[in-house]
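A.B. asks: Structure provided below as structure tokens; questions to follow.
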Amino acid sequence: MKTIHTMSIKEWCRKYPLLEKIITYEEVLWLNPGSKNRVSQPAVGPGTQAIQDAADRLERFRPYIASVFPETRPDKGLIESPLRPIPAMQEALPEEAHLQTNGRFLLKCDNLLPISGSIKARGGIYEVLKHAEQIAISSNLLTPNDDYSILAEQKARAIFAEHSISVGSTGNLGLSIGIIGAELGFRVSVHMSADGRQWKKDLLRKHGVKVIEYNSDYSHAVAAGRKQAQQDPRCHFIDDEHSMDLFLGYAVAARRLQKQLTNLSIAVDSDHPLFVYLPCGVGGGPGGITYGLKQIFGSDVHCFFAEPTHSPCMLLGLYTGLHDKVSVRDFGLDNITGADGLAVGRPSSFIAKLMESLVDGIFTVDDRELYRLLALLANTEGIQMEPSALAGMAGMTRIIASSACQNHTGLNTSHTAATHIIWGTGGSMVPQKEMAEYYQRGSKLQKQHNKTC
Ligand SMILES: *Cc1c(COP(=O)(O)O)cnc(C)c1O
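Residue numbering for the sequence shown follows my numbering, starting at 6 and increasing by one per position.
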């Protein structure tokens, strides 16, 4: 009989009852017992100073970013996205869920992040910039007090051309690293898993990036990339499963968000809790943002991760306590989802460890719901996102309505003056033809949904 860490699937299900539903691809909501009695600030992790350093580094790079990516000039080289109300969605979603809520819904539009149009423009670009800075400083090309736009000069590009960068990706991370890496002058290789979309490969090749394709999933692409990079001392491997720099790049988003909330005169305190819904793949993006938010808002912020029913890797890892020692395939799940950014079978070990006491819960979402909400968001708000980016939206009303969740957070979720932020993680780079297909698929599902309601 097949066993996972000496227990059969049946035994696992007896010990962890939610597994019955998880292994049959049913949507579930898991509330993390580890977060329940948490003191206000995270006691583990890199700490606030490390996030401050990352934020300072991104500041130093603003003149460079503004000089090579004209679309960032209005914001003087800041890579940030809008936080906006979604009034029509705010009406539509509670109505279809037969729910009344006093909360306010906001959408964090990382689909509009400059340069690569997804959340990966935070972590991925940050790590490449940090690497470039180190090389430039040790080559006596730069000091931290200089104007970093000199990195756009031929002299700097020639130095970077002697170095390479490599990454394993389902697509968006490769896109971020490929675009910024190639712009700086690095030789970049992207090891792409089978779910990687053709248009992403084409776009990368257009930027002069070497794309290596695999027939297997994300974990294999990462492993293959890591192995190849080890043979070249001048190659920096960006390790989505283990990188602290990626994590810190994502974590900076939290203080930027705090500023945006202040600008909108939105309070976050015990009477005005903040709920954040984050799509989760390997965990770095949502984990970094959660870590940063908990540093700032302590127990007044509640963070939930969203995963496809076919790829619930962080849920399986945290729920069973096996972290990266379990893959969704071990439990018979296929890891096949239209949410390509979330098609990950095994979570990052260090993120899983950190999230043990920080993430408030994880819910899973059927792919059909991602497409349906994609169409609904386009219809109601005129906003286009990719399927992965809708995962957070899909669980919000489930959480607001959940009495178990109210017990868990100690809040009457639907009545308190809560702010709910849906992290929309990507989409603006998706070609129109591709987007039209997503939309058509979603529209059909939305029509069926309206009929059955
Ligand atoms: C990568 C990605 C995520 C999740 O980030 P992880 O760091 O892999 O957890 C979510 N949405 C989109 C669109 C992504 O590309």
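Yeah, the Cβ is synthetic: ideal placement off N, Cα and C, and Gly gets one too.
If you're wondering where the values come from, they're calculated on a predicted model, not measured in any experiment.
Tell me, which residues are paired with Ile367 by DSSP?
C.D. replies: Trp35 and Phe310.
A.B. asks: Compare the beta carbon distance of Thr418 and Ser407 with 9 Å and say whether it is the shorter of the two.
C.D. replies: Against a cut-off of 9 Å, the Cβ pair of Ser407 and Thr418 comes out as a contact.
A.B. asks: Specify, as a first and last residue, the run of the alpha helix (DSSP H) that Thr424 falls within.
C.D. replies: First-last for Thr424: Thr424 to Gly429, but that is the beta strand (DSSP E), not the alpha helix (DSSP H).
A.B. asks: If you draw a straight line from the alpha carbon of Val281 to that of Cys308, how long is it in whole angstroms?
C.D. replies: Distance between the alpha carbons of Val281 and Cys308 is about 5 Å.
A.B. asks: So does Ser393 have its beta carbon nearer than 8 Å to some heavy atom of ligand 1?
C.D. replies: It does: the Cβ of Ser393 is within 8 Å (strictly closer) of some heavy atom of ligand 1.
A.B. asks: Suppose the cutoff is 6 Å on Cβ atoms and the five residues either side in sequence are ignored; what does the same chain contact list for Ser13 look like?
C.D. replies: Met6, listed in sequence order.
A.B. asks: Give every residue of the same chain whose Cβ lies closer than 6 Å to the Cβ of Asn108, excluding the five residues on either side of it in the sequence, and list them in chain order.
C.D. replies: For clarity, residue 108 is Gly in the given sequence; the question names Asn instead. If we look at Gly108 and ignore the five residues flanking it on each side, its Cβ neighbours are Ala423 and His425.
A.B. asks: Can you name, in chain order, every residue of its own chain whose Cβ lies under 7 Å from the Cβ of Ser393, other than the five neighbours on each side?
C.D. replies: The residues are Pro284, Ala344, Asp345, Gly346, Leu347, Thr430 and Gly431.
A.B. asks: Within its chain, find whatever has a CB closer than 8 Å to the CB of Ala229; leave out the 5 residues flanking it on each side and keep chain order.
C.D. replies: Contacts found: Gly173, His196, Ile217 and Tyr219.
A.B. asks: Flag this pair as yes or no: are the beta carbons of Val33 and Pro278 separated by less than 9 Å?
C.D. replies: Contact flag unset, no.
A.B. asks: By DSSP's criteria, Ser194 is part of a beta bridge. Which residues make up the other side?
C.D. replies: The partner list for Ser194 (beta bridge, DSSP) reads Ser171 and Lys215.
A.B. asks: Have a look at Tyr443 and Leu147 and give me their C-alpha separation to the nearest angstrom.
C.D. replies: Those two C-alpha atoms are separated by around 46 Å.
A.B. asks: Rank Ala141, Glu439, Phe302 and Asp151 by C-alpha distance to the C-alpha of Trp204 and give the top, closest one.
C.D. replies: The shortest C-alpha separation from Trp204 is found at Glu439.
A.B. asks: If I'm right that His212 touches Ile184 with Cβ under 8 Å, what's the distance once you round it to whole angstroms?
C.D. replies: Rounded, the Cβ-Cβ distance is 6 Å, consistent with contact.
A.B. asks: Compare the Cα-Cα distances from Leu298 to each of Asn150, Phe336 and Val257 and report the closest residue.
C.D. replies: Measuring from the Cα of Leu298, the nearest candidate turns out to be Val257.
A.B. asks: What does the alpha-carbon distance come out to for the pair Gly350 and Leu382?
C.D. replies: So the alpha carbons of these two residues sit roughly 28 Å apart.
A.B. asks: Per DSSP, which one or two residues make a beta bridge with Val281?
C.D. replies: In the DSSP output, where bridge partners are listed per residue, Val281 has Cys308 and Ile426.
A.B. asks: Would you tell me roughly how many angstroms separate the C-alpha atoms of Leu36 and His413, rounded to the nearest one?
C.D. replies: Going by the C-alpha atoms only, they are around 7 Å apart.
A.B. asks: With DSSP collapsed to three states, give me the class of Gln113.
C.D. replies: Sequence check: residue 113 is Lys here, not Gln. Three-state DSSP puts Lys113 in a strand.
A.B. asks: Can you determine whether any heavy atom of ligand 1 sits closer than 8 Å to the C-beta of Cys240, and answer yes or no?
C.D. replies: No, the beta carbon of Cys240 sits no closer than 8 Å to any heavy atom of ligand 1.
A.B. asks: Tell me whether Ile181 is buried or exposed, calling it buried when 16 or more other Cβ atoms sit within 10 Å of its Cβ.
C.D. replies: At residue 181 the sequence reads Ser, which differs from the Ile that was named. Label assigned to Ser181: buried.
A.B. asks: At 4 residues or longer, and completely inside the stretch 223-300: list those alpha helix (DSSP H) runs for me, N to C.
C.D. replies: Counting whole runs of 4 or more residues, the stretch 223-300 contains the alpha helix (DSSP H) stretches 223-235 and 249-268.
A.B. asks: Residues in its own chain within less than 7 Å of Asp339 by CB, not counting five upstream and five downstream?
C.D. replies: Excluding sequence neighbours, Asp339 sits near His315.
A.B. asks: Is the distance from the Cβ of Ile56 to the Cβ of Leu253 below 9 Å?
C.D. replies: Cβ distance < 9 Å, so Ile56 and Leu253 count as in contact.
A.B. asks: Return the CA-CA distance between Thr369 and Leu23, expressed in angstroms with no decimal places.
C.D. replies: Whole-angstrom Cα-Cα distance: 12 Å.
A.B. asks: Does Asn268 pass the burial test, meaning 16 or more other C-beta atoms within 10 Å, or should it be called exposed?
C.D. replies: Exposed is the call here.
A.B. asks: For the beta strand (DSSP E) holding Leu88, just list the boundary residues, first then last.
C.D. replies: Leu88 to Pro90 is the span of the beta strand (DSSP E), which, as asked, contains Leu88.
A.B. asks: Are Arg192 and Leu134 touching if we call contact CB-CB under 9 Å?
C.D. replies: No. Outside cutoff.
A.B. asks: Assuming Glu76 contacts Pro119 (C-beta within less than 8 Å), just tell me the rounded distance between them.
C.D. replies: 5 Å between Cβ atoms; contact.
A.B. asks: Quick check: is any heavy atom of ligand 1 less than 8 Å from the C-beta of Cys285?
C.D. replies: Yes - ligand 1 has a heavy atom lying nearer than 8 Å to the Cβ of Cys285.
A.B. asks: On the CB-based measure, 16 or more other CB atoms within 10 Å of its CB, does Arg210 come out buried or exposed?
C.D. replies: Looking at its Cβ environment, which holds fewer than 16 other Cβ atoms inside 10 Å, Arg210 is exposed.
A.B. asks: Classify Thr11: buried if its beta carbon has 16 or more other beta carbons within 10 angstroms, exposed otherwise.
C.D. replies: Thr11 is exposed by the Cβ-count criterion.
A.B. asks: When you compare each of Leu416, Gln389 and Lys452 to Leu112 by their alpha carbons, which one comes out closest?
C.D. replies: Of the listed residues, the one whose Cα sits closest to Leu112 is Gln389.
A.B. asks: Roughly how many whole angstroms lie between the Cα atoms of Glu138 and Asn145?
C.D. replies: Going by the C-alpha atoms only, they are around 11 Å apart.
A.B. asks: What residues are listed by DSSP as bridge partners for Ile9?
C.D. replies: Beta-bridge pairing links Ile9 to Met12.
A.B. asks: For Cys114 versus Ser143, is the C-beta spacing smaller than 9 Å?
C.D. replies: The answer is no: Cβ separation not under 9 Å.
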